[in-house]
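Residue numbers (our numbering): 39 to 276.
Positions of the beta carbon are idealized from the N, C-alpha and C atoms, including for glycine.
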Amino acid sequence: MRIADMHWRQVEDWLKRDNRCVLPVGSTEQHALLSLCVDNILAERVALEAAAPTGVPVFPPVNYGLTAYFMAYPGTITLQPETYVALLGDILASLAGHGFRRFLIVNGHGGNADASEELLTQARERHRMQVIWHNWWNAPATRAATRAVDAEGSHASWSENFPWTRLEQVTQATGSKPVADMDLVDTMTPTQVRETLGDGNMGGVYQKPDEDMLKIWEVAVRETRELIENGWDPNAQL
Ligand SMILES: [Zn+2]
39 MRIADMHWRQ VEDWLKRDNR CVLPVGSTEQ HALLSLCVDN ILAERVALEA
89 AAPTGVPVFP PVNYGLTAYF MAYPGTITLQ PETYVALLGD ILASLAGHGF
139 RRFLIVNGHG GNADASEELL TQARERHRMQ VIWHNWWNAP ATRAATRAVD
189 AEGSHASWSE NFPWTRLEQV TQATGSKPVA DMDLVDTMTP TQVRETLGDG
239 NMGGVYQKPD EDMLKIWEVA VRETRELIEN GWDPNAQL
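Quick look at the structure:
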């Protein structure tokens with residue numbers, strides 16, 4: 039259940055019978071001709087749809103993440119890694135203080151995963167909390183469903199092109215782009231990244247039929263829901 043649709047006594051009541059919650063995290067960054075908020079839109083939507091039948095509270099997404107490499111694209115915002123870990127750590131501490139003990143992070147942006155290890159350590163050592171860090175797009179079933187459509191897909195390509203990440207009145211590109219060498223991109227300055235990637239699609243076809251995308255989406259929602267329901271370690275010392 040979306041936290042925006044709850045008041046605090048409802049959260050208190052929830053905590054009397056359960057200790058799970060979900061936090062979507064994304065990034066505000068260039069996604070070629072798709073929304074700058076693709077990673078936020080997808081992480082929040084998959085989290086909300088997955089949690090809907092369970093009643094588990096879904097907190098508002100953290101819409102900023104780690105994306106230093108796209109800083110030559112206007113509209114992109116990056117946090118320092120220390121800021122990001124501190125921000126997520128404060129959210130974790132707040133939730134732990136209220137009695138949440140099982141916390142699913144639904145991540146929509148690859149760069150954010152760099153913070154996951156530090157956060158999991160904090161959760162274990164300081165808060166007696168179980169945290170699952172879930173990169174929704176490359177979890178096993180979703181990844182397999184995506185690959186079944188096309189093995190080649192990358193940042194801002196078809197694999198992020200859903201009816202809810204396209205922009206009204208913007209004609210999307212057609213055709214495809216060669217896949218960029220990620221190792222090489224990692225060594226570049228933001229200006230070089232922009233010169234290399236042009237519009238920002240990191241490679242692959244720009245768009246697939248919505249029918250294919252909806253099938254992948256269903257798998258992603260089911261896989262995320264499975265974690266909310268059964269992803270927890272029953273033997274964890276909480
Ligand atoms: Zn993305």
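Buried versus exposed call for residue i [16 or more other C-beta atoms within 10 Å across all chains shown]
i: aspartate 51; result: exposed
i: methionine 251; result: buried
i: threonine 114; result: buried
i: histidine 45; result: exposed
i: histidine 69; result: buried
i: histidine 136; result: exposed
i: tryptophan 202; result: exposed
i: lysine 246; result: buried
i: arginine 55; result: exposed
i: serine 65; result: buried
i: methionine 240; result: buried
i: asparagine 145; result: buried
Reduced DSSP secondary structure (H/G/I, E/B, other) of residue i
i: glutamine 118; result: coil
i: asparagine 176; result: helix
i: valine 69; result: The identity of residue 69 in the sequence shown is histidine, whereas the question assumes valine. Reduced to three states, the DSSP call for histidine 69 is strand.
i: tryptophan 171; result: strand
i: arginine 166; result: coil
> Quick one: complete alpha helix (DSSP H) runs, 4+ long, within the segment 181-265?
Replying inline: 220-224, 228-235
>> If we require 3 or more residues per run, which beta strand (DSSP E) segments fall completely within the segment 72-146?
In response: 140-145
> If we count Cβ pairs, one from each stretch, closer than 8 Å, do we get three or more for the segment 256-266 versus the segment 171-185?
Replying inline: yes
> Three or more beta-carbon pairs under 8 Å between the segment 166-173 and the segment 89-96, yes or no?
Replying inline: no
>> Pairs of beta-carbons, one from the segment 72-91 and one from the segment 198-212, closer than 8 Å: are there three or more?
In response: yes
> Counting Cβ pairs, one atom from each stretch, are 3 or more of them under 8 Å apart for the segment 153-161 and the segment 123-130?
Replying inline: yes
> Does the segment 204-220 come close enough to the segment 261-273 to have 3 or more Cβ pairs within less than 8 Å?
Replying inline: no
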